[in-house]
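Take the sequence shown: its position 34, counted from the start at 1, is 960 in our numbering, and no numbers get skipped. Beta carbons: idealized from backbone N, C-alpha and C, even for Gly.
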Amino acid sequence: MTESYKLPSALDIVADSYTGDPNHPLESAANTDWVRIFDTLDPFIADRETLEELKDTAPTSRAKDWLWGIIDTRKMYAAVTGNPF
927 MTESYKLPSA
937 LDIVADSYTG
947 DPNHPLESAA
957 NTDWVRIFDT
967 LDPFIADRET
977 LEELKDTAPT
987 SRAKDWLWGI
997 IDTRKMYAAV
1007 TGNPF
């Protein structure tokens, strides 16, 4: 018997990482409309244009830097695998 696993949403990540100090980059954007928009997609499978738009509209530099890291990682995977990003 297998149990189904539900991936956490961006808001779940923020709630789980809250310690009073902004440790997770999305925590710094927790009370913004941006994080609610961001919560509707998975940054690890979203298309490049969407990630670039989210990066450009990120409400904090920490959220923007976090997305830069995801974009850079996806670029490296694309280069290694030959799959377009």
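Sequence-distant Cβ neighbours of Phe-964 in its own chain, meaning closer than 7 Å and more than five residues away, are Ala-936 and Leu-980. Cβ-Cβ distances below 6 Å link Ile-997 to Leu-977 in the same chain, with the five nearest sequence neighbours on each side left out; the list follows chain order. By the C-beta density criterion, Glu-953 is buried, having at least 16 other C-beta atoms within 10 angstroms. Fully enclosed alpha helix (DSSP H) runs of no fewer than 4 residues occupy 974 to 983 of the stretch 961 to 992, in order along the chain. A Cβ-Cβ separation of about 7 Å places Ala-984 in contact with Ala-955 under the 8 Å criterion.
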